[in-house]
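Numbering (our numbering), first residue to last: 1 to 340.
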């Protein structure tokens, strides 16, 4: 099991991962073929107050898809802040930059649902009241060759495909926030039907920023749906059981105080844990959520470069809004992954 705090020593990554140079640029890399998975962490504050930053992210991905060899874009959930019509309309505008240009998957987070209200006080979260199926219905994607399908004819759980150099086949499995057992059972069935695909799971709440999975007593899952699954139970019931799962991406957990950024530049807003699955496979579990930064997150997104010849995954964090790379060790690192 690789834990980030075990291999960061004095700001330098040691065993299990290597740091990347600050001037790391895909287009300058010669030699082995590579491709890049793009990841949008929680966009809720962009949909709420900074829609131009959200659209700037997706436009940048569209315009740089060839340069960076991007076959797919993941979204880690919390598309919007308040499940408000205007916010969803803004998200649709942002994703129009990707429509017809880049395949993408979506996830629902806790902010994408509605709540009950009693005497002006927020009560329980309502799982069935989410506008994603109004603005991003499965029918929008069904004719796309990369669309695999969904569960319960809703876009809360879905899967997509992409191919990569060297004949590599990937399946992206999007699992709902605080997944029900029936959703995990559906995911299990999809994975079993695709033994020749390498599986990436994307879900909103899975990792904490202390490099552990979310479990009993942790913030973020059980207080919303106490009878459903958190990161630990997802690992036990789904992730660890399949040899072709190698990557889990999540958001949800962010920095608590914006004011500390100027004092503590090492604060992660991230999490990283590598665990052994039941078949001896390494599963890299990665958290990224920048929403507590200024401007709703300053536009930072993740770029994950796969280099099959080197059997490695390189993770980098970039903001098209600021034209800035985050260079601390927890935001740029290399992980082993066998592809040849």
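We treat Cβ as the ideally placed atom computed from N, Cα and C, and that holds for glycine.
In this text, all values refer to a predicted model and were calculated from it rather than measured experimentally.
Buried or exposed (CB count within 10 angstroms, at least 16 for buried), residue i
i, result
"residue 222", "buried"
"residue 174", "buried"
"residue 231", "buried"
"residue 352", "Given a span of 1 to 340 for the chain in the structure shown, any question on residue 352 remains unanswerable."
"residue 152", "exposed"
"residue 81", "buried"
"residue 279", "exposed"
"residue 205", "buried"
"residue 291", "buried"
"residue 145", "exposed"
"residue 226", "exposed"
"residue 142", "exposed"
"residue 134", "exposed"
"residue 239", "buried"
"residue 63", "exposed"
"residue 109", "buried"
"residue 199", "buried"
"residue 90", "buried"
"residue 293", "buried"
"residue 343", "Shown here, the chain extends from 1 to 340; a query on residue 343 therefore has no answer."
"residue 289", "buried"
"residue 49", "exposed"
Identified DSSP bridge partners for residue i
i, result
"residue 43", "Its beta-bridge partners do not exist; DSSP assigns none."
"residue 163", "169"
"residue 288", "270"
"residue 306", "35 and 313"
"residue 203", "175"
"residue 74", "39"
"residue 93", "DSSP output for residue 93 lists no bridge partner at all."
"residue 301", "318"
"residue 158", "150 and 174"
"residue 326", "317"
"residue 59", "DSSP output for residue 59 lists no bridge partner at all."
"residue 69", "According to DSSP, residue 69 bridges with nothing at all."
"residue 198", "170"
Residue i, DSSP secondary structure in three states
i, result
"residue 316", "strand"
"residue 145", "coil"
"residue 248", "strand"
"residue 276", "strand"
"residue 335", "strand"
"residue 177", "coil"
"residue 185", "helix"
"residue 240", "helix"
"residue 213", "strand"
"residue 283", "strand"
"residue 27", "Any reading at residue 27 needs caution, since the residue's pLDDT is 46, under 50, leaving its predicted position unreliable; the model's value is listed next. The answer is helix: DSSP assigns residue 27 an H, G or I state."
"residue 293", "coil"
"residue 208", "coil"
"residue 80", "coil"
"residue 54", "helix"
"residue 221", "coil"
"residue 253", "coil"
"residue 192", "helix"
"residue 232", "helix"
Expected contact under 8 Å - CB spacing of residue i and residue j to nearest Å
i, j, result
"residue 41", "residue 76", "5 Å"
"residue 35", "residue 306", "5 Å"
"residue 94", "residue 58", "5 Å"
"residue 308", "residue 171", "Not confirmed; about 17 Å, so no contact."
"residue 249", "residue 39", "6 Å"
"residue 273", "residue 212", "7 Å"
"residue 164", "residue 71", "6 Å"
"residue 114", "residue 126", "5 Å"
"residue 45", "residue 297", "6 Å"
"residue 149", "residue 161", "So it is not a contact: roughly 10 Å between Cβ atoms."
"residue 315", "residue 302", "6 Å"
"residue 79", "residue 321", "The Cβ separation is near 18 Å, so there is no contact."
Chain B within 9 Å of residue i, Cβ atoms only
i, result
"residue 291", "Absent from the structure: chain B. Only one protein chain is present."
Length at least 4, wholly inside the stretch 98–141: the alpha helix (DSSP H) runs in chain order = If we require 4 residues or more, the alpha helix (DSSP H) runs fully inside the stretch 98–141 come out as 132–135.
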